[in-house]
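Note that the sequence shown covers residues 13 to 169 in this note's numbering. Note that CB positions come from ideal geometry on N, CA and C, so glycine has one too.
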Amino acid sequence: MFTSVLMIEKALTSADVEFVTTLHGDEPVFFHVLLQPRGDQADRLLRAIDDIALGEIDEAVHERETPEGVDARNVGEQALDVSVRALRAAGSQAEGRLVENHPLDALKSLVEEVHADEVIVLTDPHYVEEFFHRDWASRARHKVGVPVLKLFSHSKA
13 MFTSVLMIEK ALTSADVEFV TTLHGDEPVF FHVLLQPRGD QADRLLRAID
63 DIALGEIDEA VHERETPEGV DARNVGEQAL DVSVRALRAA GSQAEGRLVE
113 NHPLDALKSL VEEVHADEVI VLTDPHYVEE FFHRDWASRA RHKVGVPVLK
163 LFSHSKA
C-alpha cells in the first residue's frame, strides 16, 4: 500500500478528493491528513494580498471575518473530519490530525512515523509565499526526505 501524507488548509472538495485518490491509479493509498487551522493577523494579511492578486477584492475585504484561534480550531476539526470521511467514501484508507504548532515539524514527524512514500501539499495559491519559496511545499522539500507534490485545490470549499 502506498502511504501519502496529505497537508491541507481547508476541507477537501469533491474535486480535490477525486484528484488525490486517482493520482496512483489502482494502487491502494493510505492518506494521513494534516490540517492546520487558520493563523494570526500576519496570515490574514498574506491571504488578503493573495485575494487581491487573484482579482477577488471582495474576498480580501472579508478576510478579517475568517475565524482565528479557538474558533479556527473548531472549524479546522470539522474540515478535517469532512475530508477524512470523503477520502474513505472514495475507497481510500485515511486518518487525520489537526496541527497545533509548527506545521513543518509536525509534517516531518508524521512522515517518519508512518514511513510515508510522499507528501502532497494541497492548497489555494499563495503568491507571496510562493514567490519567496516560503510556502509549505517549498519548505517541506528540504525537510522531509520524500518527494513533495504541490497541488492547487480545484475549487473553493
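With fewer than 16 other beta carbons inside 10 angstroms of its own, Gln90 counts as exposed. Pairwise C-beta distances place the stretch 35–52 in contact with the stretch 15–22, as three or more of them are shorter than 8 Å. Just so you know, the alpha carbons of His36 and Ala101 end up roughly 17 Å apart. DSSP, read as helix, strand or coil, puts Lys162 in strand. Under the three-state reduction of DSSP, Val96 is assigned to helix. 9 Å or more divides the Cβ of Leu163 from the Cβ of Val41.
Using a Cβ distance threshold of 9 Å, Gly157 and Val126 do not count as a contacting pair. Around the beta carbon of Gly108, 16 or more other beta carbons lie within 10 angstroms, which makes this residue buried. The alpha-carbon of Val133 is positioned some 17 Å away from that of Asn113.
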